[in-house]
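Presented below is the structure to which this report refers.
There are 2 protein chains.
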Amino acid sequence: MPRTGERFDGIGKLPKETPPNRDISLTFLKGMSVLKAFDEDNSHMTLSEIGRRTGLDPAAARRLLLTLVHLGYVRREGRVFSLTPRILVLAGSFLRGNQFGRVIQPLLNGAAAELGREVILAMPEEGGALMVAQSTLRNTGVTFGFTIGSRLPLFHTAMGRMLLAWGDPEAAEAEIATAELEAYTAASVTERDALRAAVAEAAAQGCAVVAGEFESGVTGVAVPVGRKGAVRAVLGVSDAEDVFAEESALEASKVVLRRCARDLMQAGVF
Amino acid sequence: MPRTGERFDGIGKLPKETPPNRDISLTFLKGMSVLKAFDEDNSHMTLSEIGRRTGLDPAAARRLLLTLVHLGYVRREGRVFSLTPRILVLAGSFLRGNQFGRVIQPLLNGAAAELGREVILAMPEEGGALMVAQSTLRNTGVTFGFTIGSRLPLFHTAMGRMLLAWGDPEAAEAEIATAELEAYTAASVTERDALRAAVAEAAAQGCAVVAGEFESGVTGVAVPVGRKGAVRAVLGVSDAEDVFAEESALEASKVVLRRCARDLMQAGVF
DNA sequence: GAAATTTCTTGCGATTATCGCAAACTTAAG
DNA sequence: CTTAAGTTTGCGATAATCGCAAGAAATTTC
Chain V
1 MPRTGERFDG IGKLPKETPP NRDISLTFLK GMSVLKAFDE DNSHMTLSEI
51 GRRTGLDPAA ARRLLLTLVH LGYVRREGRV FSLTPRILVL AGSFLRGNQF
101 GRVIQPLLNG AAAELGREVI LAMPEEGGAL MVAQSTLRNT GVTFGFTIGS
151 RLPLFHTAMG RMLLAWGDPE AAEAEIATAE LEAYTAASVT ERDALRAAVA
201 EAAAQGCAVV AGEFESGVTG VAVPVGRKGA VRAVLGVSDA EDVFAEESAL
251 EASKVVLRRC ARDLMQAGVF
Chain G
1 MPRTGERFDG IGKLPKETPP NRDISLTFLK GMSVLKAFDE DNSHMTLSEI
51 GRRTGLDPAA ARRLLLTLVH LGYVRREGRV FSLTPRILVL AGSFLRGNQF
101 GRVIQPLLNG AAAELGREVI LAMPEEGGAL MVAQSTLRNT GVTFGFTIGS
151 RLPLFHTAMG RMLLAWGDPE AAEAEIATAE LEAYTAASVT ERDALRAAVA
201 EAAAQGCAVV AGEFESGVTG VAVPVGRKGA VRAVLGVSDA EDVFAEESAL
251 EASKVVLRRC ARDLMQAGVF
């Protein structure tokens, strides 16, 4: 008998093992993969596109999609489907449920005011640093195009490297050893040993400074939030390289960010 | 035969009609209701709480929950479940997929710089105005505690009233006629006829001004984005009442917000 | 500290929701 | 106009899900 329908474990990920786990709902899994199929580069999709992206039968994809439409998370205009803002309600639940509005945001704003520079908070997330909040001071343009929910690369940003350095060492090593290294700029470090050294340096310093490896001419500074080995988040700022070339500016950033990190811990939100 | 398992249509919402719609996936529906069960006031829940909130059998709730844990959207610490930041990835997909980072945010910041005051963008969402973006200038403290994904009431905020006035008139009337009116402050208008008049006024003016009905001493100003009768969003600012008592400040806000609304339309994002 | 209560987990068989196919139908492309 | 691609619907086989109920594990109460 030809098994056409296969176990399912995410977008395009073909079933390798088949653990008959009765505690995981297959249908829900597939539904979520349909929701996940909408990303920055695929915000508007037709049914067959979604079917292809998720590896689902068009008929199945359609039913899950219609369920999402029914719930109001997806809109349908003719033959194209797209997310509605309702998805932000879920995000808002996370943000406000974790005191982002009342506790975290003011602390970020305070640090940003001191530094005169935008401060960003990111949390670890599957192969990246996930932006979860940013100060509402003045947008410097450096982080142009990035919003809450943006993912920053682990290897070539200060925030990413700090997460690696302050998290589980084994996980970091596994990441460094296996991930494919993409060069964003000419300055991007793409040798694994050099990356290990950079991460070790950040671990030793308790802060990471990365210059021009993600965007040319831009330097990032990041400090950890949480205990070493159990990092909960990172705080970071970025600005033109020559700004941080001055030692005092760099030092000031570290001091303020560290104090902010401590305040976040003391506020009990991390 | 005792029907114990019932059709399902959301949190706590008991099944009224039972359309055997083959195009809606029941399991997915339930799974999403588990996800939805996490909100601002219930960010950390135990299994049985979730079961109660969703009306699901504990066993079923558990399986759906474990599915979410498996996917990384929910974390489990002992017996309490809570959302992880991964939920923000979905939000980010919506935001960046709709040009929020690169187009909308700069326009908002521009308007905010002109006004020296935070500008908020909200979209219509089931009985409320959903905050989808805010300028990153300086937080005035007026919107303290509100973040992306926050829902503002329809009746007692300028943004909400503008949405009512510029959207489908029948829907607005239905809303006004049936919704229960909650008074946030002593100034809150709670008579339906008075609300109808206020909404009509906003429709006539093409902008809404609401003073102290949501927060005492705070006035909001809002203008629509989109065609009348087919509003896509609203732009708003708020500040202390006496600030807007001066006619020139009010006018300036309207002018800048309207220009921003026009730019948003021309940018093709709405 | 033991009993009582609530909560959580697991197994199971009945039920039924879901699946993929294939055919009908629609829209786009050549 | 013909061909191709995409979408919708029906259908029956299959397998996933369901609620229950019993057992285990906490938590609370006395």
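For the protein sequence lines, the chains are V and G, in the order given. Note that UniProt numbering has the first sequence beginning at 1, numbered continuously upward. Note that UniProt numbering has the second sequence beginning at 1, numbered continuously upward. Beta carbons: idealized from backbone N, C-alpha and C, even for Gly. All of these numbers come straight from a predicted model, not from anything done at the bench.
Separation of residue j from residue i, as counted between CA atoms
| i | j | result |
| --- | --- | --- |
| residue 220/V | residue 165/V | 15 Å |
| residue 61/G | residue 44/G | 15 Å |
| residue 25/V | residue 81/V | 24 Å |
| residue 127/G | residue 95/G | 21 Å |
| residue 200/G | residue 55/V | 50 Å |
| residue 142/V | residue 124/V | Annotation note: pLDDT 45 at residue 142/V (below 50); position unreliable, coordinate value reported separately. Rounded to the nearest angstrom, the two C-alpha atoms are 21 Å apart. |
| residue 78/G | residue 50/G | 15 Å |
| residue 3/G | residue 131/G | With a pLDDT of 34 at residue 3/G, under the threshold of 50, the modelled position of that residue is not reliable, and no figure is offered here. |
| residue 202/V | residue 215/G | 46 Å |
| residue 134/V | residue 175/G | 35 Å |
| residue 222/V | residue 212/V | 14 Å |
| residue 154/G | residue 246/G | 25 Å |
| residue 21/V | residue 151/V | 31 Å |
| residue 181/G | residue 157/G | 13 Å |
| residue 197/V | residue 254/G | 55 Å |
| residue 12/V | residue 172/G | Note that residue 12/V has pLDDT 48, beneath the 50 cutoff, so the model's placement of it is unreliable and the number below is only indicative. In a straight line, the C-alpha of residue 12/V is about 43 Å away from that of residue 172/G. |
| residue 228/G | residue 185/V | 47 Å |
| residue 265/G | residue 118/V | 28 Å |
| residue 33/V | residue 162/V | 30 Å |
| residue 263/V | residue 110/V | 11 Å |
| residue 217/G | residue 178/V | 57 Å |
| residue 189/G | residue 249/G | 24 Å |
Minimum C-alpha distance to residue i - residue among the options
| i | options | result |
| --- | --- | --- |
| residue 99/V | 259/G, 257/G, 146/G and 160/G | 146/G |
| residue 267/V | 106/V, 171/V and 163/V | 106/V |
| residue 112/V | 259/V, 269/V and 265/V | 259/V |
| residue 58/G | 252/G, 31/G and 71/G | 31/G |
| residue 108/G | 179/G, 235/G, 248/G and 252/G | 235/G |
| residue 256/G | 47/G, 115/G, 28/G and 206/G | 115/G |
| residue 208/V | 52/V, 225/V and 178/V | 225/V |
| residue 29/V | 179/G, 231/G and 69/G | 69/G |
| residue 167/G | 269/G, 110/G, 129/G and 37/G | 129/G |
| residue 23/V | 41/G, 53/G and 64/G | 64/G |
| residue 40/V | 83/V, 47/V and 97/V | 83/V |
| residue 160/V | 170/V, 210/V, 72/V and 204/V | 210/V |
| residue 53/G | 37/G, 67/G, 46/G and 169/G | 37/G |
| residue 206/G | 194/G, 261/G and 183/G | 261/G |
| residue 97/G | 251/V, 149/V, 91/V and 270/V | 149/V |
Assigned secondary structure, residue i (DSSP; H/G/I helix, E/B strand, else coil)
| i | result |
| --- | --- |
| residue 219/V | strand |
| residue 267/V | coil |
| residue 24/V | coil |
| residue 141/V | Low local confidence applies: a pLDDT of 45 at residue 141/V is under 50, so the model's placement there is unreliable, with the coordinate-based value given in what follows. Residue 141/V falls in the coil class under three-state DSSP. |
| residue 238/V | strand |
| residue 185/V | coil |
| residue 226/V | strand |
| residue 258/G | helix |
| residue 244/G | helix |
| residue 81/V | strand |
| residue 153/G | coil |
| residue 121/G | strand |
| residue 92/G | helix |
| residue 99/G | coil |
| residue 130/V | strand |
| residue 193/G | helix |
| residue 46/V | strand |
| residue 37/V | coil |
| residue 86/V | coil |
| residue 200/V | helix |
| residue 208/V | strand |
| residue 233/G | strand |
| residue 253/G | helix |
Proximity test, residue i beta-carbon vs the ligand NAP heavy atom, cut-off 8 Å
| i | result |
| --- | --- |
| residue 74/G | Among the components modelled here there is no ligand, and therefore nothing to report on the ligand NAP. |
Handout entry: Any 3 or more C-beta pairs closer than 8 Å across the region 238-247 of chain G and the region 73-87 of chain G
Key = no
Problem - Members of the region 85-101 of chain G that neighbour chain V once the beta carbon cut-off is set at 7 Å - result: 85, 86, 87, 88, 89, 90, 91, 92, 93, 94, 95, 96, 97, 98, 100 and 101
Exercise for the section: With 8 Å as the C-beta to C-beta threshold (strictly closer), list the residues of the region 44-62 of chain G near chain V in chain order. Expected result: 44 and 62
Exercise for the section: Scan the region 201-218 of chain V for residues whose Cβ lies nearer than 9 Å to a Cβ of chain G and list them as they occur along the chain. Expected result: none
Practice task
Please list the residues of the region 222-237 of chain V that have a C-beta atom closer than 8 Å to any C-beta atom in chain G, keeping them in chain order.
Solution key: none
Practice task
Closer than 9 Å, Cβ to Cβ, to anything on chain V: give me those residues from the region 145-162 of chain G, in chain order.
Solution key: 145, 146, 147, 148, 149, 150 and 151
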